Each structure stands twice: as structure tokens, then as C-alpha cells.
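>
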Amino acid sequence: MKHLLTALLGLLFGMSAPLVVAQTSPPTPTAKRTSFKPGELWYDTDGNLINAHGGGLLLVGDAYYWYGEKRAQHQEEGVNVYSSKDLYNWKYEAVALTPATEAQSDIAAGCLMERPKVVYNQKTKQYVMWFHLELKGQGYKAARAGVAVADKPTGPFRYVSSFRPNGNMSRDMGLFVDDDGAAYHIYSSRENYDLRLARLSADYLTPTTQDSLLFAKHREAPALFKQGGKYYLITSGCTGWAPNEASLHVADKLFGPWQLLGDPLTGPNAKLTYGGQSTYVLPLAGKKDAFIFMADRWNPKDLKDSRYLWLPVQFRAGQPTIDWIEQWDLKYFSKQL
Ligand code: GAL
Numbered sequence: 073m074k075h076l077l078t079a080l081l082g083l084l085f086g087m088s089a090p091l092v093v094a095q096t097s098p099p100t101p102t103a104k105r106t107s108f109k110p111g112e113l114w115y116d117t118d119g120n121l122i123n124a125h126g127g128g129l130l131l132v133g134d135a136y137y138w139y140g141e142k143r144a145q146h147q148e149e150g151v152n153v154y155s156s157k158d159l160y161n162w163k164y165e166a167v168a169l170t171p172a173t174e175a176q177s178d179i180a181a182g183c184l185m186e187r188p189k190v191v192y193n194q195k196t197k198q199y200v201m202w203f204h205l206e207l208k209g210q211g212y213k214a215a216r217a218g219v220a221v222a223d224k225p226t227g228p229f230r231y232v233s234s235f236r237p238n239g240n241m242s243r244d245m246g247l248f249v250d251d252d253g254a255a256y257h258i259y260s261s262r263e264n265y266d267l268r269l270a271r272l273s274a275d276y277l278t279p280t281t282q283d284s285l286l287f288a289k290h291r292e293a294p295a296l297f298k299q300g301g302k303y304y305l306i307t308s309g310c311t312g313w314a315p316n317e318a319s320l321h322v323a324d325k326l327f328g329p330w331q332l333l334g335d336p337l338t339g340p341n342a343k344l345t346y347g348g349q350s351t352y353v354l355p356l357a358g359k360k361d362a363f364i365f366m367a368d369r370w371n372p373k374d375l376k377d378s379r380y381l382w383l384p385v386q387f388r389a390g391q392p393t394i395d396w397i398e399q400w401d402l403k404y405f406s407k408q409l
């Protein structure tokens, strides 16, 4: 009977017109994203997992560039760069800084390049990258800052030098460019007990001797930003890849005094930074007082599989606060302001 019906239908509509069954295809990793989902797998536009850890962003024209550690399971393989115009969808661009093949180089393959940050120097028209450098085979002993430059945001970056700024150990770090164009290197020093700030030379390639202790509270993962004429600084404690409690400091001047405001995070697992560690705070282009807090949820068993936590910063009673939000988009800032 069923076959007869099929035959009849075939005769009536012609065999070339099969019945169309509506199918909803499952979302593919490359489907266009329209929101942030902190902690979830985040694919680039080619469908590969984004590999840019301990990273930072730079706005060039209408495009953002995301620089971060390229990780294998444990090894470090240089600095990756991605680009995006909407902050949700990221195109893989290149390895911005590649480890050297020459064994005697400071950045010989097998070295560690951590927490890379890139800024643009208006005077030299160069993109300048600073990163935490550890020499091959020496664990975390070298405690140096490394510098590289490029003519384009996507690189290739050329390695310039590495050193201990003014003789100080330098591990976790960030860069900050103030409204007057002066740039600063903020870094964990003295076995990470001290957090120091050094003003950079006009070409951003070296630290000046204007370099001083901000506080000695055993903090790392510094993320510095400015809002309403005040400087804010989010840091983590020092527990390696394991998460700990974040803290927020405020100052009227970059070199301090810095005042502790407490933990800026709220909600479930806030006391462990939602399982993450700060890396950068992005000021959103074209939106006043809109900032995105960025953190890494490290997976020490497979570092490349570490996840990204991007969350909006809210100013509650004038103070930066970060709430856990499962999913959000940039319209959030229009609602807030
Ligand atoms: C963390 C640091 C990371 C990485 C790690 C190694 O404390 O923030 O960037 O260096 O230690 O254990």
C-alpha cells in the first residue's frame, strides 16, 4: 500500500521532485556569533579554536587586533594575532612573533613568551610589542621583558631586545598608554612580591629610570585602565595556573598612591575570579565608560584549551564592578549608560 502511494505520488509530481523534509542543521563552530559566552569554546572564522592566551587588544582604525600566547599542550609557540570588527567574530591573521630557529637567540624555540601586549607609537609609526620572556630551558628564572616591533598590526614582529627593566625581575606584565601618549610597563618584580611601573622612552622600546614600586602585595596579572580621570588596576594573587581572588586598586596618579578597593567581582565563584585570571581591560571604541574585563581560565593539562572570560565592567556607585553573565552582547553598554 505504501509503495503504491509512493508510486502514485511519483507519477503525479514527477520523480525529480522529491518530498522536501524541513531540517534544522546544528550550529557549526563557524556560524556568525552575535554574543559573548564567557568560558565556552570560542572558534575563529576558520573554525579553529582561538589560541591567544594571556592576551591584549589593540584598536587600529575600525578593527581590533587580539594578540595572545600561541600554546600547544604545554609549550609556547609564539604570539598569535587575530582581527575583528565586531569583537565576537575573529579572523586568524598570523603568528605575529615567531620563536627563532637559532639556538643562541633569546627567543629560541622553547622559550616562553607570555602575556604579550601591543601598542602603537605615533612618532615612530611602529607597532610595539612587549611580553614576558623566559629563556629556553631555564623555567621562570630569567624574568625578563622582551620587546619586538612591526610596521603592520599583523606583523611580522621583529625581535628587538630583552632585559630586566632597570635591573628588576620582570614577569607578569601589561602596557598602558595614557591620554598624553606616554606609555608605561607595569610588571611583577622581586619574585612577584612587588608590582612596579616604568615609564617608557618616547619610542616605547626601553624603560626610562622613572620606574617605581606601586605596592608589595604579591600580585600579578596586572590589567590597568583609566576612567573618569582615575586609574584602576585589577590584579590576581600568585598561585600559578590555579585561580585565586582578584583585587581592584585605584589611584589619581599612575605612580600612586594606590588604594585597595577590594574584589571587583560578584556572583558565583567570584572569589576565584570565576576560575580565571585577569589579563586585560579593553576600553570600547566610541562608547564612553564602556570596558570589557578579560581573563584566562587556564587549563594546565592542556594550555591551548584554556578558555576566555570576557565580561562587561559596570560602574556601580562610581566603582568598577564585574558580574558573572552567562551570555551578553555589546547592547549591554547602551542599556547601562
Ligand atoms: C601565572 C602567570 C601566568 C604563567 C603561570 C605559570 O601565575 O600569571 O602568566 O606565568 O603563572 O605557572
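With my numbering, the residue at position 82 of the sequence shown is 154, and numbering never jumps. All residues carry an ideal CB built from backbone N, CA and C; glycine is no exception. Because the structure is a prediction, the values reported are computed rather than measured.
(1) Using the beta carbon as the reference atom, which residues fall closer than 6 Å to any heavy atom of the ligand GAL, ordered along the chain?
(2) Is it buried or exposed for Glu174, if we count other Cβ within 10 angstroms and need 16 for buried?
(3) Relative to the C-alpha of Ser234, which candidate in Glu263, Val153, Cys183 and Arg268 has its C-alpha closest?
(4) In the structure shown, what three-state DSSP assignment does Leu354 receive?
(5) Where does the unbroken beta strand (DSSP E) through Arg388 begin, and where does it stop?
(6) Any idea if Gln386 is buried or exposed, counting beta-carbon neighbours within 10 angstroms, 16 or more meaning buried?
(7) To the nearest angstrom, how far is it from the Cα of Arg236 to the Cα of His204?
(8) Decide if Asp418 is buried, meaning its Cβ has at least 16 other Cβ atoms within 10 Å, or exposed.
(9) Who pairs with Ala144 in a beta bridge, going by DSSP?
(10) Within a Cβ cutoff of 8 Å, which residues of the same chain sit near Tyr341, ignoring the five residues on either side of it in sequence?
(11) The beta strand (DSSP E) spanning Gln282 covers which residue range?
(12) Whole beta strand (DSSP E) runs in the region 215-258 with 3 or more residues, listed along the chain?
(13) Looking only at its own chain, which residues have a Cβ that is under 8 Å from the Cβ of Ala166, when we skip the five neighbours before and after it?
(14) Quick one: grab the DSSP three-state call for Tyr404.
(15) Helix or strand or just coil, what does DSSP make of Thr393?
(16) Specify the secondary structure class of Ala135 as computed by DSSP and reduced to three states.
(17) Can you tell me the Cα-Cα spacing of Tyr265 and Lys104, whole angstroms?
(18) Per DSSP, Gln299 forms a beta bridge with which residues?
(19) Does the Cβ-Cβ distance between Thr307 and Ala323 come in under 8 Å?
(20) Going by the beta-carbon positions, is the gap between Met245 and His257 smaller than 8 Å?
(21) Please report the straight-line C-alpha distance between Asp223 and Lys197, rounded to a whole angstrom.
(22) CB-CB under 6 Å to Arg379, same chain, minus the five flanking residues each way: which ones, in chain order?
(23) Do you know how far the Cα of Arg271 is from the Cα of Gln391?
(24) Out of curiosity, what's the CA-to-CA distance linking Glu186 and Glu141?
(25) Given a cut-off of 8 Å, decide if Phe327 and Ser284 are closer than it, judged by their beta-carbon atoms.
(26) Can you list the beta strand (DSSP E) stretches of 3 or more residues lying completely in the region 184-213, in chain order?
(27) What number of angstroms, rounded off, separates the C-alpha of Gln147 from the C-alpha of Gln282?
(28) Within the same chain, show all residues whose beta-carbon is closer than 8 Å to that of Arg143, passing over the 5 residues directly before and after it, in chain order.
(29) What's the C-alpha gap between Lys343 and Trp400?
(30) What are the partner residues of Lys359, as DSSP defines its beta bridges?
(31) In this structure, does DSSP put Lys343 in helix, strand or coil?
Let's see:
(1) Gly126, Glu186, Arg187, Asp244, Glu292, Ala293, Cys310, Gly312, Trp313 and Gln349
(2) exposed
(3) Cys183
(4) strand
(5) Arg379 to Arg388
(6) buried
(7) 10 Å
(8) A question about residue 418 goes unanswered here, because the residues of the chain that appear run from 73 up to 409.
(9) Answer is none; Ala144 lacks a bridge partner.
(10) For clarity, residue 341 is Asn in the given sequence; the question names Tyr instead. So the qualifying residues of the chain are Gly347 and Trp396.
(11) Pro279 to Phe287
(12) 216-222, 230-235 and 245-249
(13) Asn152, Val153, Thr226, Gly227 and Pro228
(14) helix
(15) strand
(16) strand
(17) 43 Å
(18) Lys302
(19) no
(20) yes
(21) 7 Å
(22) Gly111 and Arg369
(23) 26 Å
(24) 6 Å
(25) yes
(26) 184-193 and 198-206
(27) 35 Å
(28) Asn123, His125, Glu149, Leu375, Lys376 and Ser378
(29) 21 Å
(30) For Lys359, which the question treats as bridged, DSSP gives no partner whatsoever.
(31) helix
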